[in-house]
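S.K.:
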Amino acid sequence: MSGSATPTPMTSHRCGPLSGIADVPGDKSISHRSLILGAMAVGETRISGLLEGEDVLDTAKAMQAFGAKVTNHGDGHWSVHGVGVGGFAEPDNVIDCGNSGTGVRLIMGAMATCPISVTFTGDASLNKRPMARVTDPLALFGAQSVGRSGGRLPMTIVGAADPVPVRYEVPVPSAQVKSAVLLAGLNAPGKTVVVEQEATRDHSERMLAGFGAEITVEDTDEGRVITLTGRPELKPQVIEVPRDPSSAAFPVCAALIVPGSDVLVPGIGLNPTRAGLFTTLRDMGADLTYENERIEGGEPVADLRARYSPNMKGFVVPPERAASMIDEYPILSVVAAHASGQTMMAGVKELRVKESDRIDAMAVGLRACGVTVDEAEDWWAVTGLGPEGVPGGAICESHLDHRIAMSFMVLGMAAQNPVTVDDGSPIATSFPIFTPLMAALGAKLDTQT
């Protein structure tokens with residue numbers, strides 16, 4: 001679970017130029033899906049480059065509890081001996097997903113059409129997050145759920161003994177909801193159809209096809225229509241997990257705002273449903289280039305080179321880009337604070353129900369550091385101070401949210417005065433090597449223990 005019993009404050013100090021190579025961990029979204037689909041295949045799936053953060057490790061433990069054999073061979077190499085579609089056993093204990101909304105929602109989908117009962121819980125942050133957006137469509141398959149008021153964890157789901165296929169129109173852009181429905185559809189007879197009005201990250205579709213599922217994706221007048229034929233025998237795979245663009249965002253953005261910096265971040269996944277931040281940074285005038293562009297495991301990949309960019313301008317981020325960068329808005333707001341003019345971010349109400357209310361968390365902390373932030377339910381705007389930088393000097397709350405904590409640590413690297421977060425321990429959920437990696441580039445981070 002994220003967040004230690006005793007908070008771990010962290011302080012970031014203004015530093016000299018950041019330089020070097022930032023080898024960020026494997027992609028979290030692909031890591032989760034590799035373990036889950038490996039557990040639903042027949043035979044051994046071998047995974048290299050798996051992100052070994054707490055979120056993904058909790059998913060690995062869950063797959064083990066469902067009867068798959070999950071082995072850590074060291075240095076990011078794992079194997080999963082799957083039990084086949086519909087072969088999950090009922091766990092002996094509660095499944096604790098820690099801080100991971102992705103993990104719990106995908107696992108709920110994977111077990112919802114198996115005739116088993118499973119109780120899920122998480123840390124204080126995850127137990128506040130709404131689950132009805134997943135349990136409502138899973139009920140269409142025949143699954144039942146009982147949780148706390150407001151559809152929150154802890155929650156027990158009774159899987160459908162006789163599942164039926166469904167057609168579901170996703171009401172808000174959400175790769176987690178889409179993926180949960182597709183995973184549930186694997187053990188339902190016939191064809192399960194998901195319709196989304198805005199394209200979200202498509203790792204599930206790509207990986208399902210790779211494992212041998214019959215799946216089609218079609219752009220129509222009603223939206224993006226994904227059709228999955230149920231009850232395939234998934235074939236085990238050899239998976240090389242690309243490096244996480246959401247983690248790469250932190251060293252990239254730090255390099256853009258710290259004078260004199262030049263940082264290379266190799267092997268980053270640039271799936272177009274995930275690369276919205278990097279497109280936006282370039283729109284703002286960032287010196288951010290793609291080198292050695294290539295395809296690995298069906299995913300576009302490149303090395304990112306980020307250099308200090310003192311002439312960035314405020315930008316109106318297109319609302320339709322939100323789904324491709326929803327997790328990156330906190331760190332974008334830090335860059336926006338160093339641009340000239342206002343950066344407007346609209347169509348982002350999903351940020352209100354992440355690990356924290358990310359709009360509120362960043363707005364409060366940025367204001368305390370001397371930055372002007374305006375906000376409403378579905379938008380927020382940051383007025384940049386230009387290359388002279390942000391005053392800083394505040395203690396900001398992380399709200400048990402790893403991305404909030406890391407964003408304020410990056411802010412402190414360029415601020416005139418140190419920036420502190422009240423608890424940096426949640427960083428381990430997604431980026432366990434954040435502190436040593438940034439320190440190796442030249443950052444000055446202090447952790448109080």
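The UniProt record's numbering numbers the first residue of the sequence shown as 1 and each following residue consecutively.
Glycine is no exception: its CB is placed at the ideal position from the N, C-alpha and C atoms.
#1: Just how far apart, CA to CA, sit Y308 and V335?
#2: Do you know whose CA, among L50, A89, D23, lies nearest E240's CA?
#3: Do L126 and L153 have their C-beta atoms closer together than 8 Å?
#4: For the structure I just gave you, are there three or more beta carbon pairs, one from the stretch 215-233 and one from the stretch 23-34, closer than 8 Å?
#5: Candidates L332, G159, G341: which alpha carbon is nearest P410's?
#6: Per DSSP, which residues does N72 bridge with? Please list them.
#7: Suppose the cutoff is 6 Å on Cβ atoms and the five residues either side in sequence are ignored; what does the same chain contact list for L140 look like?
#8: Which first and last residues belong to the alpha helix (DSSP H) in which T279 is found?
#9: Who are D423's beta bridge partners in DSSP?
#10: In the stretch 174-232, which residue ranges form an unbroken beta strand (DSSP E) of at least 3 residues, counting only runs that do not cross its ends?
#11: If you draw a straight line from the alpha carbon of G190 to that of A160, how long is it in whole angstroms?
#12: Compute the minimum distance between the beta carbon of G101 and the heavy atoms of the ligand MN, and state whether it is under 7 Å.
#13: Could you tell me the alpha carbon to alpha carbon distance between R358 and S261, rounded to whole angstroms?
#14: Output yes if chain B places a C-beta closer than 8 Å to the C-beta of E169; else output no.
#15: Classify P25: buried if its beta carbon has 16 or more other beta carbons within 10 angstroms, exposed otherwise.
#16: Determine the contact status of Q237 and T45, defining contact as a CB-CB distance below 8 Å.
#17: Excluding the five sequence neighbours on either side, which residues of its own chain have a C-beta within less than 6 Å of the C-beta of L228, listed in chain order?
#18: Could you give the DSSP three-state label for M438: helix, strand or coil?
#19: G16: buried (16+ other C-beta within 10 angstroms of its C-beta) or exposed?
#20: Run through the DSSP bridge pairs and tell me what K444 is partnered with.
#21: Per the DSSP calculation, F120 is bridged to which residue(s)?
#22: Does K61 come out as helix, strand or coil in the three-state DSSP assignment?
#23: Just the Cα atoms here: how many angstroms apart are E320 and E198?
#24: Thinking C-beta only, is G392 closer than 8 Å to V419?
#25: From this set, H399, A132, I433, which residue's C-alpha is nearest P7's C-alpha?
#26: Using CA atoms only, rank isn't needed, just tell me which of G53, L106, V373 is closest to H402.
#27: So does the stretch 93-102 actually touch the stretch 113-132, counting three or more Cβ pairs closer than 8 Å?
#28: Please give the ranges of any alpha helix (DSSP H) in the stretch 330-387, keeping only runs that are unbroken, at least 4 residues long and fully inside the region.
#29: Along the chain, where does the beta strand (DSSP E) containing D287 start, and where does it finish?
#30: What first and last residue would you give for the alpha helix (DSSP H) that runs through V410?
#31: Evaluate the contact criterion for the stretch 433-448 versus the stretch 267-285: three or more CB pairs, one atom per stretch, below 8 Å.
#32: Is the CB-CB distance between S425 and D327 below 8 Å?
#33: Going by the beta-carbon positions, is the gap between A62 and V134 smaller than 8 Å?
#34: Does DSSP classify R129 as helix, strand or coil?
M.R.: According to the data block:
#1: Within the sequence shown, numbered from 1, the residue matching residue 308 stands at position 308. Within the sequence shown, numbered from 1, the residue matching residue 335 stands at position 335. When rounded, the distance between both Cα atoms is 11 Å.
#2: Position 240 of the sequence shown holds residue 240. Proximity to E240 across L50, A89, D23 peaks at L50, based on C-alpha coordinates.
#3: As a working mapping, residue 126 is identified with position 126 in the sequence shown. As a working mapping, residue 153 is identified with position 153 in the sequence shown. Yes; because the gap between Cβ atoms is below 8 Å, this pair is in contact.
#4: When C-beta atoms of the stretch 215-233 are compared with those of the stretch 23-34, fewer than three pairs fall below 8 Å, so the two segments do not count as touching.
#5: Mapped onto the sequence shown, residue 410 falls at position 410. The sequence given here places Val at residue 410; Pro does not occur at that position. Here the closest residue by C-alpha is L332.
#6: As a first step, residue 72 must be located in the sequence shown, where it is residue number 72. W78, per the DSSP bridge assignment.
#7: As a first step, residue 140 must be located in the sequence shown, where it is residue number 140. Excluding sequence neighbours, L140 sits near V166.
#8: Taking the first residue of the sequence shown as 1, we reach residue 279 at position 279. Counting along the chain, the alpha helix (DSSP H) containing T279 begins and ends at 276-283.
#9: Walking along the sequence shown from the start, residue 423 turns up at place 423. Bridge partners of D423: none, in fact.
#10: Counting only runs of 3 or more residues that sit fully inside the stretch 174-232, the beta strand (DSSP E) segments are 191-196, 215-220, 223-229, in chain order.
#11: As a first step, residue 190 must be located in the sequence shown, where it is residue number 190. As a first step, residue 160 must be located in the sequence shown, where it is residue number 160. Straight-line Cα distance between these residues: approximately 15 Å.
#12: Among the components of this structure there are no ligands whatsoever, and the ligand MN is therefore not found.
#13: Residue mapping note: residue 358 aligns to position 358 of the sequence shown, counting from 1. Residue mapping note: residue 261 aligns to position 261 of the sequence shown, counting from 1. For R358 and S261, the distance between alpha carbons rounds to 28 Å.
#14: Absent here is chain B; the protein component of the structure consists of one chain.
#15: The residue you call residue 25 lines up with position 25 of the sequence shown. Counting the other Cβ atoms within 10 Å of the Cβ of P25 gives 16 or more, which makes it buried.
#16: For the purposes of this step, residue 237 is taken as the residue at position 237 of the sequence shown. For the purposes of this step, residue 45 is taken as the residue at position 45 of the sequence shown. For Q237 and T45, yes; Cβs fall inside 8 Å.
#17: By one-based count along the sequence shown, residue 228 stands at place 228. Within its own chain, the residues whose Cβ lies closer than 6 Å to the Cβ of L228, once the five positions on either side in sequence are excluded, are L182, G185, T192, I215, listed in chain order.
#18: Position 438 of the sequence shown, counted from the first residue, corresponds to residue 438. In the three-state scheme derived from DSSP, where H, G and I count as helix and E and B as strand, M438 is classed as helix.
#19: Counting from one through the sequence shown, the residue named residue 16 turns up at place 16. With fewer than 16 other beta carbons inside 10 angstroms of its own, G16 counts as exposed.
#20: Numbered from 1 along the sequence shown, position 444 holds the residue referred to as residue 444. Paired residue(s): H13.
#21: Taking the sequence shown and counting its residues from 1, one reaches residue 120 at position 120. DSSP output for F120 lists I95, M155 as bridge partner(s).
#22: Stepping through the sequence shown from its first residue, residue 61 is reached at position 61. For K61, the three-state secondary structure derived from DSSP is helix.
#23: In the sequence shown, residue 320 corresponds to position 320, counting from 1. In the sequence shown, residue 198 corresponds to position 198, counting from 1. If I take the Cα positions, the gap works out to 7 Å.
#24: Taking the first residue of the sequence shown as position 1, residue 419 is located at position 419. Taking the first residue of the sequence shown as position 1, residue 392 is located at position 392. G392 sits close to V419, with the two beta carbons spaced by under 8 Å.
#25: Position 7 of the sequence shown holds residue 7. Looking from the CA of P7, the closest CA among H399, A132, I433 belongs to H399.
#26: Stepping through the sequence shown from its first residue, residue 402 is reached at position 402. Closest in C-alpha terms to H402, from the list G53, L106, V373, comes G53.
#27: The stretch 93-102 makes contact with the stretch 113-132; the number of CB pairs closer than 8 Å reaches 3 or more.
#28: Runs of the alpha helix (DSSP H) inside the stretch 330-387: 358-368.
#29: Taking the sequence shown and counting its residues from 1, the one referred to as residue 287 is at position 287. Note, D287: beta strand (DSSP E), 287-296.
#30: If you number the sequence shown from 1, residue 410 lands on position 410. That run of the alpha helix (DSSP H) goes 402-414.
#31: Three or more Cβ pairs closer than 8 Å define a contact, and the stretch 433-448 falls short of that threshold against the stretch 267-285.
#32: Counted from its first residue, the sequence shown places residue 425 at position 425. Counted from its first residue, the sequence shown places residue 327 at position 327. Cβ distance not < 8 Å, so S425 and D327 don't count as in contact.
#33: Locating residue 62 in the sequence shown gives position 62, where the first residue counts as 1. Locating residue 134 in the sequence shown gives position 134, where the first residue counts as 1. No; because the gap between Cβ atoms is not below 8 Å, this pair is not in contact.
#34: Taking the first residue of the sequence shown as position 1, residue 129 is located at position 129. Three-state DSSP puts R129 in coil, outside helix and strand.
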